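Before any comments, here is the structure.
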Amino acid sequence: MSLPKASLQRPRIIKETERLVADPAPGITAAPHDDNLRYFDVTIQGPDGSPFQQGIFKLELFLPEEYPMAPPKVRFLTKIYHPNIDKLGRICLDILKDKWSPALQIRTVLLSVQALLSAPNPDDPLAPDVARHYKENEKDAQRVSREWTQQYAS
Amino acid sequence: MHFSKTYAQLLEGLPPELSNNAIEYRQLKKLINQVVTELLALGLGPAVLHDLLQSGTDPKGKRREATPTRVFYEFNSDSGHIEPRLRLWVDPPVPPSPPSRSRVEEVDSEKRDSRSDDAEHVPQVALLWALQRRAETPEQPVDIADKVELVIPLASDSAFFRLLSTTLQALSDNLLAIHAQFVATLADLTKVVSDTARPVSSTSIGFKAHSPFNSDAGVVRVDASSRKSDLYSWREIFQLYVEAEIFESVSERNRGARTIEESETRLKQFAERVTTRGLGDGRKLKLPQSRQALESFLALNVFILNVKKFELANAEATRKILKKHAKRTALPVTDASNTAPLALLPASNTSLPRILVQELGTTLLPIIPSLDDYACLICTSIAFKPIRLSCGHLFCVRCLVKMQKRGQDDCPMCRAPCVLLADRSNVDWAMLNFMRDWFPEESSVKLRQNEQEAAQEQLVEMGIDPDQKCIVM
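And the structure:
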């Protein structure tokens, strides 16, 4: 009698993980570690039409104890030439910081990161030299982004 | 295997209300043979006709500008029926010209209604000769003004299209009737389900309503003492049904309609899951009406599957018969450049199965409130107790207390600064009563969890580790 209810009362992290694995968003994969269900291996495909096209970028995602009250911690593991991502792979994205909302999810966060690859924002830089490059000569900066993508993300 | 055989076999497996209105494939095939005979009598066998029609178009189907088409296959639909005819231009007959042209009329005479003239009197030789001469010299520029324009109505071809058209019309009418019948059956079923899946407030247990002022603002009690409810079993059945995604997939990567085979497999799997969970018998469906209703629910799904099979087979039959028509007669019905006949045929409603599935989803399934619609977006379990923020968004009390403790003021949905303002007056009492009524088990489990969590937090705030078993004060 109580079997189905148990399945309806699963905690949020389990539900999110199940859906990420069973019905992944296009161009995104996320798999939890066996020994730590709060730690995810993530890949994001570079969006078509961006200099990161055809690249497969590896990321790590960690859900802190306070999640979903606090945002997940996300970091690029693959080197990437992008004005809002620094050498350590840290990402400058408002929803990962002050604009976080507990109604957001792992899925929506990763979709936002994917969108950031399509729309670099050099006015809010995390990597100042890359941002300057993008502002002064966008074409050339995109060429470097493409080169890095070929070199590191394929 | 011939398609006519495959088609006949498939129809045998379908209920008579469907198969009685099938396309008369064999009959249509016979009519095609008659068209061929008629054309042969005119000296227009498939080979001749093919050459004539081709000479007006280049191999890729585009019209050549230099050589005007000399033979057109066209459709007259003035009378409301499809009446195919050939329109062609030939050199004026070389004298001595044939005495009459009863079968072949000049267009400007507008005497098309006389097409029933006796075919045996047709003097075909001149026309045949003229046509062939033209075929031999296709490069020569043709000046239409010098030619005699001829129109040949095709009687058996008309019969072919009349039969096809009336069949398709009947088919479409029949599907409308089926739709109406389905809606009526579904309405009955919906009534039974809503009767057997009553909430707490209409069962013998009785229901205490809550209000801001009083913990039991009123008791709803139903007189009959034996009133049972299959609410939770029905909810589970519908949940399994939705998860089975029998007719349409809602996943991100392959959204859309499923194939018949896939639907059939998934319907079977759904039935199996219902059985293994014990939902198909008296163990979980306590009321006999419920068990009957489940049977009827499954029957409706089998029916949708049959309609889907039937429609697909009919579309295939229509396509095949038109293809056969084109192949045997060389008349370009299915030519991309000549879509007129297809546009004139009654459109078959290929989306009926989809409409029926939607009907199920909008009429029957919402009878039982689904937990997903009453979940807190933060913790994803039931939003109990429900707090309505001043911006209108609803969350569970626990999650909002946590946000308040962290000083987070923005509504998680709309970012309106109203979380810190929320207090006792934000409890949505109507929603609270609704949840206790329709989700009695989930709401009490959530309430217990909330209390445990709050107690633990209090201990932590006092500096005591709640996991520690024994505390010496």
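The listed protein sequences derive, respectively, from chains A and B.
Under UniProt numbering, the first residue of the first sequence carries the number 1, and numbering increases by one thereafter.
Under UniProt numbering, the first residue of the second sequence carries the number 1, and numbering increases by one thereafter.
Positions of the beta carbon are idealized from the N, C-alpha and C atoms, including for glycine.
Predicted model only: the values in this text are computed from it and were never measured.
On the three-state DSSP scale, how would you describe residue i?
i, result
"Ile-14 of chain A", "helix"
"Thr-265 of chain B", "helix"
"Pro-440 of chain B", "helix"
"Val-36 of chain B", "helix"
"Gly-256 of chain B", "strand"
"Glu-110 of chain B", "For Glu-110 of chain B, the predicted model reports a pLDDT of 41, less than 50, meaning its position is unreliable; a value from the coordinates is still stated below. Reduced to three states, the DSSP call for Glu-110 of chain B is coil."
"Ser-201 of chain B", "helix"
"Glu-120 of chain B", "For Glu-120 of chain B, the predicted model reports a pLDDT of 43, less than 50, meaning its position is unreliable; a value from the coordinates is still stated below. Note: Glu-120 of chain B maps to helix in three-state DSSP."
"Gln-45 of chain A", "strand"
"Leu-287 of chain B", "coil"
"Ile-367 of chain B", "helix"
"Asp-428 of chain B", "coil"
"Asp-465 of chain B", "coil"
"Pro-98 of chain B", "Low confidence applies to Pro-98 of chain B: its pLDDT is 45, below 50, so where it sits in the model is not reliable enough to give any reading."
"Val-445 of chain B", "helix"
"Pro-26 of chain A", "coil"
"Tyr-73 of chain B", "strand"
"His-82 of chain A", "strand"
"Glu-316 of chain B", "helix"
"Val-401 of chain B", "helix"
"Phe-384 of chain B", "coil"
"Pro-51 of chain A", "coil"
"Ala-375 of chain B", "strand"
"Glu-66 of chain A", "coil"
"Ser-390 of chain B", "coil"
"Pro-102 of chain A", "coil"
"Lys-308 of chain B", "helix"
"Leu-421 of chain B", "coil"
"Lys-323 of chain B", "helix"
"Glu-136 of chain B", "Any answer about Glu-136 of chain B is weak, because its pLDDT of 47 lies below 50 and its placement is not dependable; what the coordinates show is given next. Note: Glu-136 of chain B maps to helix in three-state DSSP."
Identify, in the order they occur along the chain, each residue of the same chain with its Cβ nearer than 6 Å to the Cβ of residue i, setting aside the five sequence neighbours on each side.
i, result
"Arg-398 of chain B", "Asn-450"
"Thr-363 of chain B", "Leu-186, Thr-190"
"residue 490 of chain B", "Only positions 1 to 473 of chain B appear in the structure, and residue 490 of chain B is not among them; the question remains open."
"Pro-125 of chain A", "Pro-83, Ala-131"
"Ile-321 of chain B", "Leu-28"
"Phe-303 of chain B", "none"
"Ala-141 of chain A", "His-133, Tyr-134"
"Glu-65 of chain A", "none"
"Leu-356 of chain B", "Phe-182, Ile-304"
Can you tell me the Cβ-Cβ gap for residue i and residue j, rounded? I've got them flagged as a contact below 8 Å.
i, j, result
"Asp-23 of chain A", "Glu-264 of chain B", "Asp-23 of chain A to Glu-264 of chain B, Cβ: 22 Å. No contact."
"Leu-240 of chain B", "Val-274 of chain B", "6 Å"
"Arg-266 of chain B", "Glu-245 of chain B", "7 Å"
"Ile-82 of chain B", "Ser-172 of chain B", "With a Cβ gap of about 16 Å, Ile-82 of chain B and Ser-172 of chain B do not count as contacting."
"Phe-160 of chain B", "His-325 of chain B", "7 Å"
Under 7 Å Cβ to Cβ from residue i, same chain only, skipping five residues before and after it: list those, please.
i, result
"Leu-279 of chain B", "Ser-233, Glu-236, Ile-237, Leu-285"
"Lys-5 of chain B", "none"
"Arg-85 of chain B", "Glu-74, Asn-76, Val-151, Ile-152, Pro-153, Leu-154"
"Pro-122 of chain A", "Pro-83, Ala-131, Tyr-134, Lys-135"
"Glu-453 of chain B", "Arg-398"
"Ser-145 of chain A", "Pro-51, Phe-52, Tyr-81, His-82"
Who are the Cβ neighbours of residue i in its own chain at under 8 Å, not counting the five residues just before and after it?
i, result
"Glu-12 of chain B", "Ser-19"
"Thr-329 of chain B", "Ile-32, Val-35, Val-36, Leu-39, Pro-46, Leu-49, Asp-157"
"Pro-15 of chain B", "Phe-303, Asn-306"
"Ile-387 of chain B", "Leu-394, Phe-395, Cys-396, Val-397, Leu-400, Ala-422, Asn-426, Val-427, Asp-428"
Taking the beta carbon of residue i as the centre, do at least 16 other beta carbons fall within 10 Å, making it buried, or is it exposed?
i, result
"Ala-22 of chain B", "buried"
"Met-435 of chain B", "buried"
"Lys-446 of chain B", "buried"
"Gln-157 of chain B", "The sequence shown places Asp at residue 157 of chain B, not Gln. Classification for Asp-157 of chain B: buried."
"Ile-85 of chain A", "buried"
"Phe-213 of chain B", "exposed"
"Glu-442 of chain B", "buried"
"Asp-108 of chain B", "For Asp-108 of chain B, the pLDDT reaches just 42, beneath the cut-off of 50, and the residue's location in the model is therefore unreliable, although a value from the coordinates is still provided. It counts as exposed."
"Thr-17 of chain A", "buried"
"Val-151 of chain B", "buried"
"Ala-422 of chain B", "buried"
"Asn-433 of chain B", "buried"
"Asp-437 of chain B", "buried"
"Val-307 of chain B", "buried"
"Thr-259 of chain B", "exposed"
"Ser-154 of chain A", "exposed"
* At least three beta-carbon pairs within less than 8 Å, the stretch 55-72 of chain A to the stretch 93-107 of chain A -> yes
* Taking three-plus beta-carbon pairs below 8 Å as touching, is the stretch 28-42 of chain A in contact with the stretch 106-118 of chain A? -> yes
* Asked: Would you call the stretch 403-414 of chain B and the stretch 109-126 of chain A touching, i.e. three or more CB-CB distances under 8 Å?
  -> With a cut-off of 8 Å, the stretch 109-126 of chain A and the stretch 403-414 of chain B do not count as touching, because too few Cβ pairs lie within range.
* **Sufficient close CB pairs (3 or more, under 8 Å) joining the stretch 23-30 of chain B to the stretch 311-327 of chain B** => In this structure the stretch 23-30 of chain B touches the stretch 311-327 of chain B; the number of beta carbon pairs closer than 8 Å is three or more.
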